[in-house]
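Mind the numbering: the sequence shown is residues -23 to -1, 1 to 159 in mature numbering (1 follows the signal peptide of the UniProt record, and there is no 0), read in order.
A virtual CB, placed ideally from N, CA and C, is assigned to each residue, including glycine.
Since the model is a prediction, treat every value here as computed from it, not as a measurement.
Everything on this sheet refers to the single structure shown next.
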Amino acid sequence: MSAGGTMRRAAGLGLALLAAGCAAPSVRTTAPGMAPVAVQPATARDDAAPALAAIRRAAGHGALRRDDRLDAAARGHALYMQRSGRMGHDGQGGSGPMERVRGQGLLACFAAENVAEGYGDLPRVLRAWMASPGHRANILDPRATLFGMARAGDYWTMLTAAPCPQGAVLSPTDGAVILPRR
């Protein structure tokens, strides 16, 4: 595969989002003004969690815990990429990964995203991401404790994140995280 094809299929730009889809059943989703589209959840059996745990364990890191809010953010972005026919980290309305994570109600102090187009199944997309230094760094980032993923058609999204400490809040003026005093 050409370098351009690799970049087209797995753009990371330092953000990480892992997606699985293997043999999961499809869910019909309707977006405003759009015809229903089939979205494959990460997997019904959560095949991604054991694969990610093995990858991270081999690098000396703990397993990531599946998070419904990250699944929802990944699903929304995968759908957006499918509808627009364009893979990337800019989402609907110009949103970025952290905005999508926080938009699902997770006050995260760290978030990373991997996206890909194609690859057909979880093992292939994981191999591609692990062969890309930026995507690999996102998957193995020791700050991450949670993950979510989704696939819509040929588009994959994986988010990893770490929640802010208990008591942290967003500044009403600039959206910065204000950490609790210790």
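Query, Result
"Out of curiosity, what's the CA-to-CA distance linking G53 and V102?", "19 Å"
"Tell whether a beta-carbon distance below 9 Å holds between L47 and L136.", "yes"
"Using beta-carbon positions only, say whether residue 175 and T134 come within less than 9 Å of one another.", "Any property of residue 175 remains undetermined from this structure, which presents the chain solely from -23 to 159."
"With R63 as the anchor, note down where its alpha helix (DSSP H) starts and where it stops.", "Note, R63: premise wrong, no alpha helix (DSSP H); not H, not E."
"State whether the stretch 36 to 47 contacts the stretch 118 to 128, with contact taken as three or more CB pairs (one from each stretch) at a distance under 8 Å.", "yes"
"If you measure between the beta carbons of P140 and C86, is that distance less than 9 Å?", "yes"
"Among G130, A129, A138, whose alpha-carbon lies nearest the alpha-carbon of I116?", "A138"
"Whose C-alpha, out of Y132, I155, R158, is nearest the C-alpha of G65?", "Y132"
"Quick one: Cα of L84 to Cα of A50, how far?", "13 Å"
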